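Numbering (the numbering used here), first residue to last: 3 to 389. Ideal Cβ positions, reconstructed from N, Cα and C, are used throughout, including at glycine. Note that the coordinates shown come from a computational prediction; the quantities given were computed from them, not determined experimentally. What follows is a single structure, written as structure tokens, with notes after it.
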């Protein structure tokens, strides 16, 4: 665990990215010891990998995309994504809650709220406190897909929140998460950080999912929940949403790329005994590897540009980010289907490795922003370039 070797992630066709810290080597050991033995319990029984999440925090896995001025590692979101990639090779659900954790810190570090930066952000980036995202509904609202579910009424030095969000992942009574709300009798909105155990906030069952068990996905019912000014990320928040959106969307490609990589390995494994017939399938391992290689180059270049979110983005960056995220969704669907077809009957068994990848791929294509949401955003941009 204390090895000082240079960590290397191998990707198709010799493409490799190196880290100057040993965190990825240490992470691989933690995955082997604390995640891999529990995959069945997480996927089938819905066991939340809390110990593993705290270990990722201890290693520094949540600090990578946070600036050094705020206590982070200052490596940028590319390194955050590489952490997710390694975890997603084993379990996309767990990689997703790692994304939830890091994207909550992304909101805070890109806000102008010094109280959150000084008192909440350090706990999240070290894994001392766990955190969800909670902004699926506002992201859909600002894209014209659904109405916002929470209202905010001004009160004293803050707001009273009321409403229901059906699904928030990586949330519990001692977890932080973000909410978006419409300020009553105005056309303005706010975003805030709340604690799952806040007075008036009830956490219910989010239901059962085919590839999201173990993610602590809950319904959140807010009845007169008070948030003071120290908890407000931004109000009004339209400009804030635009600022956080590129990092929010692009960082999701981390768990998608990891899933594609694992599908390639499963295809190669199947070909050890079935290459003579698998060679007639459309998508071969080398085809998907080539596309994964190209996706890595494009996505990592965008991640380097976004870095820790400390500088203004160029006007057309968001469009390229959306295209990269869309490409990832399409690639995971191809890769997982190919892995299943290469495996054949042996993969068509409940709890087989290939069956799990297929279910996980649909999650990557459905989670906000979903494949159809991404296409709508691109269409809106084409119709109204200023959006």
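### Query
Residue ranges of each beta strand (DSSP E) run of no fewer than 3 residues wholly in the segment 117-175, ordered along the chain?
The qualifying runs are 152-157, 160-170.
### Pair within 9 Å by beta-carbon distance, residue 101 and residue 257
The Cβ-Cβ distance between residue 101 and residue 257 falls below 9 Å.
### Message
Assuming the contact rule is C-beta atoms closer than 8 Å, residue 226 and residue 164 should be a hit. Round their C-beta distance to whole Å, please.
### Response
6 Å between Cβ atoms; contact.
#### Entry: Beta carbon of residue 65 nearer than 9 Å to that of residue 127
The answer is yes: Cβ separation under 9 Å.
### Query
Across which residues does DSSP place residue 184 in a beta bridge pair?
Answer by DSSP bridge pairing, in chain order: 153, 191.
### Query
Can the beta-carbon of residue 355 be found closer than 9 Å to that of residue 215?
Cβ atoms of residue 355 and residue 215: not closer than 9 Å.
### Query
In three-state DSSP terms, what is residue 364?
Residue 364 carries a helical assignment under DSSP once its states are collapsed to helix, strand and coil.
### Query
Do the CB positions of residue 371 and residue 217 come within less than 9 Å of each other?
Residue 371 is not a Cβ neighbour of residue 217, given a cutoff of 9 Å.
### Query
Looking only at DSSP bridge pairs, what is residue 178 linked to?
DSSP, once it has assigned bridges, lists 133, 197 as partnering residue 178.
### Cβ neighbour criterion (16 or more within 10 Å) applied to residue 352
By the 10 Å Cβ count, residue 352 comes out exposed.
### Query
Identify the residues that DSSP records as bridge partners of residue 228: which are they?
Bridge partners of residue 228 according to DSSP: 162.
### Message
Please report the straight-line C-alpha distance between residue 153 and residue 194, rounded to a whole angstrom.
### Response
Residue 153 and residue 194 have their C-alpha atoms some 12 Å from each other.
### Message
Can you look up residue 404 in the DSSP assignment and give me helix, strand or coil?
### Response
Residue 404 lies beyond the residue range present for the chain, which begins at 3 and ends at 389; the question has no answer from this structure.
### Query
Are three or more beta carbon pairs between the segment 188-207 and the segment 77-90 nearer than 8 Å?
No, the segment 188-207 does not touch the segment 77-90.
### Query
Is residue 212 helix, strand or coil when you go by DSSP?
DSSP, reduced to helix, strand and coil, places residue 212 outside both helices and strands of the structure shown, so it counts as coil.
### Query
From this set, 147, 222, 333, 88, which residue's C-alpha is nearest residue 293's C-alpha?
Closest by alpha carbon: 333.
### Query
Taking just the CA atoms, how far does residue 31 sit from residue 4?
Here the model assigns residue 4 a pLDDT of 36, short of 50, so the residue's position is not dependable, and the following value carries that caveat. Approximately 11 Å between the Cα atoms of the pair.
### Query
Which residue or residues does DSSP assign as beta-bridge partners of residue 89?
For residue 89, which the question treats as bridged, DSSP gives no partner whatsoever.
### Task
Identify, in the order they occur along the chain, each residue of the same chain with its Cβ nearer than 7 Å to the Cβ of residue 41, setting aside the five sequence neighbours on each side.
92, 93, listed in sequence order.
### Message
Please give me, in chain order, every unbroken run of the alpha helix (DSSP H) with length at least 4 that falls completely inside the segment 305-382.
### Response
Segments of the alpha helix (DSSP H) lying fully in the segment 305-382: 319-345, 355-368.
### Query
Do you know offhand how far residue 246's Cα is from residue 29's?
Just so you know, the alpha carbons of residue 246 and residue 29 end up roughly 27 Å apart.
### Query
If we count the other Cβ atoms within 10 Å of its Cβ and call it buried at 16 or more, is residue 120 buried or exposed?
It is exposed - the Cβ of residue 120 has fewer than 16 other Cβ atoms within 10 Å.
### Query
Any idea if residue 312 is buried or exposed, counting beta-carbon neighbours within 10 angstroms, 16 or more meaning buried?
With a 10 Å radius around the Cβ and a threshold of 16 neighbouring Cβ atoms, residue 312 comes out exposed.
### Task
Starting from the C-beta of residue 374, find all residues in its chain whose C-beta is less than 6 Å away, skip the five residues before and the five after it, and write them out in chain order.
Answer for residue 374: no residue qualifies.
### Query
CB-CB under 6 Å to residue 239, same chain, minus the five flanking residues each way: which ones, in chain order?
Shown here for residue 239: same chain residues with a beta carbon closer than 6 Å to its own, the five before and five after excluded, namely 191, 192, 193 in chain order.
### Query
Do you know offhand how far residue 266's Cα is from residue 158's?
The C-alpha of residue 158 is placed about 56 Å away from the C-alpha of residue 266.
### Task
Report the three-state DSSP secondary structure of residue 74 (helix, strand or coil).
In the structure shown, residue 74 sits in coil (DSSP, three-state: anything other than H, G, I, E or B).
### Task
With a 10 Å radius around its C-beta and 16 neighbouring C-beta atoms as the bar for buried, classify residue 331 as buried or exposed.
Buried is the call here.
### Task
Quick one: residues in its chain with C-beta nearer than 6 Å to the C-beta of residue 167, no 5 flanking neighbours on either side, listed in chain order?
Here residue 167 has 139, 151, 222 as same chain residues with Cβ atoms under 6 Å from its own Cβ, once five neighbours each way along the sequence are excluded.
### Secondary structure of residue 29, DSSP reduced to three states
In the three-state DSSP reduction, residue 29 falls in the helix class (H, G or I).
### Query
Roughly how many angstroms lie between the CA atoms of residue 147 and residue 187, to the nearest whole one?
A straight line joining the alpha-carbon of residue 147 with that of residue 187 spans about 22 Å.
### Query
So residue 82 packs on residue 44, CB below 8 Å; how close in whole Å?
About 21 Å; that fails the 8 Å criterion.
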